[in-house]
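So the sequence lines, in the order shown, correspond to chains A and B.
Here the numbering used here is used: the first residue of the first sequence is 1, the next is one more, and so on.
Here the numbering used here is used: the first residue of the second sequence is 1, the next is one more, and so on.
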Amino acid sequence: MINNDKWINSLPNSNKHLEKNTNEVNFDKWTNSVPKKNNTTSFKKYTFVTVILISGLLFVSALKNQTRNLQKEINKLETNIRKIQFDLKQANLDHNVITSPENISLLAKEYLNINFETYKKSQIKMFNYKPEDLSVSQVGKKQKIIEQKSKKFSKNVRKHLAKKVEQKKREIKKLQELYSNPEQIPNEMKTEVAKKIKQKKIELKSIYNKPGEILTLERVRNWGVVQVVKVFLGIPVVPGR
Amino acid sequence: MKKNKKTIKKKSFYFEDYTEQELTNNNKGFKIIRVSPNRVTFLFFIFISLILIFSLKITYLSLSSNKDLYNKKNNKFFSNHRRDILDRNGTVLATNVDLYDIGIRPKLLSNKDKKNLLIKLGLSFPKLDLIEIKKKLMKDDFFWIGRRFTPKEKDQFWLMGNKAFVFDLKPSRVYPQKNLFSHILGQTDDSNTGISGVEKFFDKELSVEEKLIDPLKLTLDVNLQHLIREELINAKIHFKNIGSAAILMDVRNGEILSLVSLPDYDLNKRILLNDSVYTNKITLGVYELGSVFKTFTIAAGLENNLINTNTIFENLENRLTCDKYTISEHDKLPSSLTTEQILVRSSNIGAVRIAQKIGVEKYKSFLNSLELFNRISFDLDEIGTPLLFKWGKCKLATSSYGHGITTTPLQLAKAYAILSNGGYKINPYILKKKKSKEEGQQIISKETSIKINSMLRKVVSLEEGTANFADIEGYDVAGKTGTAVKYSSQAKLNTFVSIFPSKNPKYVLVVMLDEPKPAPNFVYEFLPSEKFPNGYKYKGEKRNTSGWNTVVVAGKIIEKIGPILAINDLQASKKY
């Protein structure tokens, strides 16, 4: 065993008293350096911070909520826009299919009984074409030009016109033949025509004999109203015959 | 002591207390945990970086204007994966729709369910091959019922409420005009990538994401295309031809207004097209086109100042031999003809004489300047290359009237456009350009062009001309017929190139009938002439030359498309 005292005493003497003084901590000095607790100010501070924090949280959550609602609405609207765009595209596609020339010609063949004729180049005129004034002095000149132009009509047009004229002539001839031989006309038609002729004759006679009866006030008034309406509508007052 | 330790653990403020505790712990045999400051720094760095990354992402998301982040769900309504294709008037030629491939997982169905499903399918989709479906259902392996079902049809399947159905959404291409542009537009594969036609040639442009909203506009016109196609279909009824083609081009700039090749096919029905009859006859087909080459022979002579329109060629034989080739006239012609008459009456021997005057080199270089032998650059991949041959005296003779020399109808149209537009070079195109009119290099003089136009007009307008049936009132049509005989079958390939109006050419129309037959039952309508002032109708023609079929078809086409073109020109002009 080691004898502690022996070892300790073997050390050189030191100024223990001095060392004690130097190493001793001045408690008062340290304690005074610590700030004193102020209970009232810290409470206020914490309350203030807590209030700010809570109100901030509430504000942020409200703001976030509002933003989310707005975003939802925007999304909804954008979805609607896209839906409409999609529908529009579909409708456009349908329109293109329905109005494709192939489809139209098929439908025309099925439902229309018209034989379409293609336009001739001469039939296409410029839209800004302005006809010249046909003043009295120019009428003669224009007449000549028209005559010259009619000579220049294409053979096709002339052929077409000639055909039409011939057809009309044939029709007139037929009518002439029919009326030149009244015996061939059926009896029913004859009686009807005879009745009409009689009626007209009676009417004419009455006009010549008693013109006053025909020109009644009521009739004149009606006639006047009709003429006023005609003037208003731009229809010629005198019957256009 | 225990109390003291607890107080130290909880409240100690002094370093000494801890050292004391450490010592006591040490005495008990506990290890001292020494944390390296580097490790702490490292962990601190990781956490800080994570916080930074997340805060940056949050900031980015809040500031980002990229709406797609929010609207991913909405995209199902509008899946545009490829640009639309429009014609010159804005009519849709190709667009995208969402279609569905529908399959079945039979394992999920009992035998009773399978029977019920078959009944439901039969009722809702009578066109489905139910026997085949039944066979596949019994095998219990997954299979596709069909592809490219419309959303409506998909809904019908969906409403059956069967869990075994599998729906696969596929954005697909549809073509509202069906057959009308089959040879031009081409098709896309299952992954919506272009595999032919415009879809292939402009594949990159069509799938550029930034331009998806802007459609690709072509120079073609739906109405013109339909009218031309309709006439070609009608021609088949009368002339029993196996195929036909037509191209309408603006001679001033090379804009193609219509390109038809028959037979065609419905682009919406995906079928394998291995048969050669489905080739694009205008761009890919390489043909010997016959007498339409005479115009080039005469133009070469005029351009080289070797002949004039009035130059007389005397003592023209009716038959000529060169090596193995026998050259003869198609009809009895006078022995003396002027240059103009050679073209009007389509004299083979006359053309040979002119070519002999020109010589091989000059003639060859003239045809080369019209780019008749090179592979033409065009807005499609389906382009034919004219066959090469060795030039010689006999080759010069035969090629002068278009035999033994090949090219595509597209190149023919281009060459005629150059001859008629005043002589400047143009390149055909179908993609609408902003600047459509740009004058190219002068190939032939304006004088030659005017002379050629006037001669071509006489081919149509004069009674002895070969193309009277195309003399449509008001359109001042000029043109040249071409009748060629196929080597393989001795069948004919008839062509008619028309230019109108001849005084100020605007359009070139090439009509080609493949293997037409004589049409004795067809009623030919002759226009009024000196002999027949009212014109006359004729039936029973047994000849099968171009003048008796392609010219008739071209005349009908011009009669129909003429008003549209005239109005279009009127609208385009400043006078409108």
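Ideal placement from N, C-alpha and C gives every residue a C-beta, glycine not left out.
Source: prediction; values computed, not measured.
| Item | Value |
| --- | --- |
| Identify the contact partners of B:V178 in chain A, using a Cβ-Cβ distance below 8 Å as the criterion. | The amino acid occupying residue 178 of chain B in the given sequence is Lys; Val does not appear at that position. Result: S100, E102. |
| Taking only three categories from DSSP, how would you classify B:I256? | strand |
| Quick check: what's the CA-CA separation for B:N453 versus B:F500? | 9 Å |
| Within this structure, are the beta carbons of B:T398 and B:I354 separated by less than 9 Å? | no |
| Assign B:K6 to one of two classes, buried (16 or more other C-beta atoms within 10 Å of its C-beta) or exposed (fewer than that). | Bear in mind that the predicted position of B:K6 carries a pLDDT of just 48, short of 50, making it unreliable; the figure below should be weighed with that in mind. The residue is exposed, with fewer than 16 neighbouring Cβ atoms inside 10 Å. |
| Anything in chain A within Cβ reach of B:V92, meaning under 8 Å, just list it in chain order. | N92, L93, N96 |
| Ordered along the chain, which non-local residues of its own chain (more than five positions away) have a Cβ less than 8 Å from that of B:F389? | K395, G404, I405 |
| Comparing the C-beta of A:S33 with each C-beta of chain B, is any distance below 9 Å? | no |
| Using a Cβ cut-off of 7 Å, which residues of the region 55-67 of chain A contact any Cβ in chain B, in chain order? | none |
| Hey, B:L130 and B:L431: beta-carbon distance below 9 Å or not? | no |
| One question on the structure: do B:I376 and B:Q411 come within less than 9 Å of each other, judged by their Cβ atoms? | yes |
| For B:K578 and B:T193, what's the separation of their Cα atoms in angstroms? | Residue 578 of chain B is absent from the model: chain B starts at 1 and stops at 576. |
| Considering Cα atoms alone, identify which of B:V460, B:R543, B:S64, B:V97 is closest to B:D471. | B:V460 |
| Under 9 Å, Cβ to Cβ, is there at least one residue of chain B near A:S135? | For A:S135, the pLDDT reaches just 48, beneath the cut-off of 50, and the residue's location in the model is therefore unreliable, leaving the point undetermined. |
| Among residues of its own chain, excluding the 5 on either side of B:L333, which ones have a beta-carbon nearer than 7 Å to its beta-carbon? | R345, S347 |
| Could you tell me whether the region 471-488 of chain B touches the region 539-555 of chain B, where touching means 3 or more Cβ pairs closer than 8 Å? | yes |
| In the structure shown, what three-state DSSP assignment does A:S100 receive? | coil |
| DSSP three-state call for B:G482: helix, strand or coil? | strand |
| Taking 8 Å as the threshold, find out whether the region 313-320 of chain B comes into contact with the region 336-343 of chain B through three or more Cβ pairs. | yes |
| Taking the alpha-carbon positions, what's the A:Q71 to A:L63 distance? | 12 Å |
| Could you tell me whether the Cβ of B:T193 comes closer than 9 Å to any Cβ of chain A? | no |
| In terms of DSSP beta bridges, what is B:V497 paired with? | B:K480, B:V510 |
| Can you name the residues that DSSP bridges to B:M249? | B:I256, B:V508 |
| Given a limit of 9 Å on CB to CB distance, which residues of the region 184-203 of chain A reach chain B? | none |
| Identify the residues that DSSP records as bridge partners of B:K217: which are they? | B:L86 |
| Any idea what DSSP makes of B:N96, helix, strand or coil? | strand |
| Counting only C-beta atoms, is A:K108 closer than 9 Å to chain B at any point? | The residue asked about is misnamed: residue 108 of chain A is Ala in this sequence, not Lys. Answer no: the Cβ-Cβ gap between A:A108 and chain B never drops below 9 Å. |
| Can you list the residues of chain B that A:N156 reaches, using a CB-CB cut of under 9 Å? | E473, L527, P528, G535 |
| On the CB-based measure, 16 or more other CB atoms within 10 Å of its CB, does B:L138 come out buried or exposed? | Strictly speaking, residue 138 of chain B in this sequence is Met, with Leu absent from that position. It is exposed - the Cβ of B:M138 has fewer than 16 other Cβ atoms within 10 Å. |
| Could you tell me whether the Cβ atoms of B:E179 and B:Y265 are closer together than 9 Å? | The identity of residue 179 of chain B in the sequence shown is Asn, whereas the question assumes Glu. Yes; because the gap between Cβ atoms is below 9 Å, this pair is in contact. |
| Is it right to say A:M189 is buried, meaning 16 or more other beta carbons lie within 10 angstroms of its own, or is it exposed? | exposed |
| Can the beta-carbon of B:Y524 be found closer than 9 Å to that of B:K542? | no |
| Would you say B:H226 lies against chain A (beta-carbon separation less than 9 Å)? | yes |
| So B:A615 packs on B:Y175, CB below 8 Å; how close in whole Å? | Residue 615 of chain B lies beyond the stretch modelled for chain B, which goes from 1 to 576, so this question has no answer here. |
| Verify the CB distance criterion: does A:K89 have a CB-CB separation below 9 Å to chain B? | yes |
| Counting only Cβ-Cβ distances shorter than 9 Å, please list the residues of the region 203-232 of chain B near chain A, keeping chain order. | V222, N223, Q225, H226, L227, R229, E230 |
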